[in-house]
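First to last, the protein sequences are chains A and B. Going left to right, the first sequence walks through residues 1 to 282 as this note's numbering numbers them. Going left to right, the second sequence walks through residues 1001 to 1256 as this note's numbering numbers them. All C-beta atoms, glycine included, are put in the ideal place defined by N, C-alpha and C. No experiment lies behind these values; they were computed from the predicted model shown. These notes concern the structure reproduced below.
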Amino acid sequence: MVPDKRVTIDDITAEVRDGMTIGIGGWGSRRKPMALVRALCRSSVKDLRVVSYGGPDVGLLCRAGKVREVVYAFVSLDSIALEPHFRNARQTGAVTTMELDEGMFLLGLQAAAWRVPFLPTRVGLGSDVMRLNPSLRTVTSPYADREDLVAMPALHLDVALIHMHRGDRGGTGQYLNVDPYFDDLMCMAAPRRFMSVERIVETEQFLAEGPAQSVRINRLMTDGVVETPHGAHFTECVPDYPRDEAFQRAYTASARSDEAWEEFRARYIDVTEAEYQQAVNA
Amino acid sequence: MRDGAPTRAEVCAAAIADCFARDGEILANPIGTLPVIGGRLAKATVAPELVMTDGEALLVENIIPVGVENPEKVVAGWNPYRAMFDVVWSGRRHVMMGASQLDKFGNQNFAFIGSHAAPRTQLLGMRGAPGNTINDVTSYWIPAHTTRVFVPTVDVVSGVGYDRARDLGPVAGRFHHLGRVVTNLCVLDFETPDNRMRLRSVHPGVSVDDVVGATGFELAIDGDVPESRLPTDEELDWIRARIDPNGLGEEEVPNP
């Protein structure tokens, strides 16, 4: 028997409150929970601290004025190397950042998931990660080597948002592409965790879709699940659909002027998810 | 298939292949069009022991072409992003990265230009540069060698250079090693007493003065600088017929 943890997109955005730290799964412009991100852009929430292997999730939230700080190692659209809205937000000083190496980022999430205050690493030594994060500390090995290492602090999240290919009503999730990214760690690092999925299936269906190890998100990692078909659009969600490169170019063009953004926003953000999907197909 | 004399891009590919040729059984991880062409060229010719990816999450043993949709892959491993840190932190990788700025000790920046509060130009971010440079051999690829890239001082240190690694002391910096810097004009290395950047060879058709004029700091230059080698017929065949059939390398570095 599985519990029923199905929720709506609005239920999820209602959990995100001003000033929270939210972790967003996926990687670059790949398998991002874009339906949830769009809903956050429409909501009244503000002053978010966004933790992400960043793509258009970060750019959209910055452009919509939702972000106070971005915790990141990169923000990229993959086929377009630099995220245009994030760049504008940074270059106008609209958002601050915590600059991290992408491996330190992993360790921060892992420390939060394991409930330890930090994890030691060589990564960061000698680089400007230390200068740009004056609160970062080093730690000396208590063993005979006495080696000095960076103490990467836990990156505690308030809410985690991820997108998977398949899920069941109990909140188990399955990815069907080649890379799980860090979605399970995002969930483990947060007290409240929500997953959008391409399709909700019966639990019995998982092993017909992919091998047991593709069922990466177990019920201990989620508090709610919502079916959002095409919900990662315009990011890549193979094998269900590739990145919508033409749409991504249009999104990039919307960073060129306020008028371009307002037009994009009216058509694709200030609309319901159903209207968005309709507009995309038009 | 293309024919004729080797192009500048093909000279670059051969110079990049030489960067990986003696690495042994490690993950050769070139990033960028010509780095991938050069890395695969090394594996195809002199260094079959190199382990390489498909550019995403799979390790592949065959030589796959660049810029071709869904090439046939001989898969010999699963290497999602998370597993890459296992490789990097255990010291089994040689990465070739790009750089927006590079100084004479090999400090690299591709994070941002200007101030942290409101950068003049926001670039990629730190990406994996701090972890790559403190753990493994790192080389660089600069497709357009100019004084904008080769600067006296970088705005942000994302990849660690030799002066900073030395300041860390012999323990913390013991895995730091910068290989070579290959550009559209020349090959540079750090094989000097104080690990200052040295001009190793100039590509055919490029003068030492061309390189000096395109570099914003003083390079170590000892005696007559040799010419970068030309690719062999076997290498040209690999590049033109199998690794880069669509000539993407020629777009990245146009023939002068």
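Nearest neighbour of residue i, chosen from the options [CA to CA]
| i | options | result |
| --- | --- | --- |
| V2(A) | D223(A), A39(A), M34(A) | D223(A) |
| E245(A) | D78(A), L176(A), V215(A) | D78(A) |
| E1069(B) | T1121(B), D1054(B), F1020(B), A1009(B) | D1054(B) |
| I9(A) | R42(A), I80(A), D18(A), T21(A) | R42(A) |
| I22(A) | E202(A), R193(A), T97(A) | R193(A) |
| Y1081(B) | G65(A), W27(A), R131(A), H85(A) | W27(A) |
| K1043(B) | E1250(B), C1019(B), T1033(B) | C1019(B) |
| A144(A) | P1065(B), V1171(B), R1127(B), W1141(B) | V1171(B) |
| T96(A) | P229(A), R115(A), C62(A) | C62(A) |
| Y175(A) | S76(A), S141(A), A208(A), L155(A) | A208(A) |
| R56(A) | Y72(A), M34(A), K66(A) | The question names Arg, but residue 56(A) is Pro in the sequence shown. When each option's Cα is compared against that of P56(A), the closest is M34(A). |
| L36(A) | V7(A), G19(A), D47(A), D18(A) | V7(A) |
| S76(A) | D179(A), R17(A), R87(A), W261(A) | R87(A) |
| R219(A) | P84(A), V70(A), G173(A), E202(A) | G173(A) |
| P142(A) | F247(A), D258(A), P120(A) | P120(A) |
| A1117(B) | P229(A), A89(A), Q213(A), R137(A) | A89(A) |
| D1233(B) | T1045(B), L1034(B), E1025(B), D1163(B) | T1045(B) |
| V1212(B) | Y1162(B), H1145(B), D1163(B), N1195(B) | H1145(B) |
| F74(A) | Q1122(B), D1224(B), E1252(B), L1178(B) | Q1122(B) |
Pair within 9 angstroms by beta-carbon distance, residue i and residue j
| i | j | result |
| --- | --- | --- |
| V1095(B) | I1031(B) | yes |
| R198(A) | E227(A) | Reading the sequence as shown, one finds Glu at residue 198(A) and not Arg. Their beta carbons are under 9 angstroms apart, which means E198(A) touches E227(A) by this criterion. |
| G1131(B) | G124(A) | yes |
| V1051(B) | L1059(B) | yes |
| V50(A) | V58(A) | yes |
| R243(A) | S29(A) | yes |
| P239(A) | H165(A) | yes |
| A39(A) | E273(A) | yes |
| A1099(B) | V1066(B) | no |
| V1128(B) | G171(A) | Before going on, a small fix: residue 1128(B) reads as Gly here, not Val. The answer is no: Cβ separation not under 9 angstroms. |
| A1017(B) | E1235(B) | yes |
| A160(A) | A111(A) | no |
| M186(A) | I24(A) | yes |
| T1192(B) | A1220(B) | yes |
| A1057(B) | N1029(B) | no |
| D179(A) | Q205(A) | no |
| Q1101(B) | V1151(B) | yes |
| D1155(B) | N1109(B) | yes |
| G108(A) | G1173(B) | no |
DSSP-derived helix/strand/coil call for residue i
| i | result |
| --- | --- |
| F1112(B) | strand |
| N1246(B) | coil |
| V7(A) | coil |
| L1188(B) | strand |
| E227(A) | strand |
| A279(A) | helix |
| P56(A) | helix |
| S1201(B) | strand |
| P1256(B) | coil |
| A1220(B) | strand |
| V201(A) | coil |
| L1102(B) | strand |
| G1024(B) | coil |
Residues sharing a beta bridge with residue i, DSSP
| i | result |
| --- | --- |
| P120(A) | A151(A) |
| S196(A) | H163(A), V226(A) |
| R137(A) | A151(A) |
| N1029(B) | V1095(B) |
| H1177(B) | V1137(B) |
| C237(A) | Y241(A) |
| V70(A) | V50(A), T97(A) |
| M1052(B) | V1060(B) |
| T1121(B) | I1113(B) |
| R30(A) | W27(A), E236(A) |
| W1078(B) | L1058(B) |
| V1182(B) | W1141(B), V1187(B) |
Cβ neighbours of residue i in the same chain (closer than 7 angstroms, five flanking residues each side left out)
| i | result |
| --- | --- |
| M188(A) | A113, M221 |
| P1256(B) | R1008, G1205 |
| Y268(A) | Y276, A279 |
| T1133(B) | G1159, V1160, H1176 |
| D47(A) | D18, G19, R68 |
| T1153(B) | D1103 |
| P1119(B) | F1112, I1113 |
6 angstroms CB neighbourhood of residue i in its chain, flanking five on each side removed
| i | result |
| --- | --- |
| W1089(B) | N1135 |
| G1125(B) | A1111 |
| V1157(B) | N1107 |
| P1231(B) | P1006, E1010, A1014 |
| D1189(B) | R1180, R1198, R1200 |
| C237(A) | R31 |
Listed by chain order, chain D residues near residue i by CB distance under 7 angstroms
| i | result |
| --- | --- |
| F1085(B) | The structure shown contains no chain D; its protein chains are A and B. |
Sequence-distant residues of its chain with Cβ nearer than 8 angstroms to residue i (five each side left out)
| i | result |
| --- | --- |
| R122(A) | L149, V150 |
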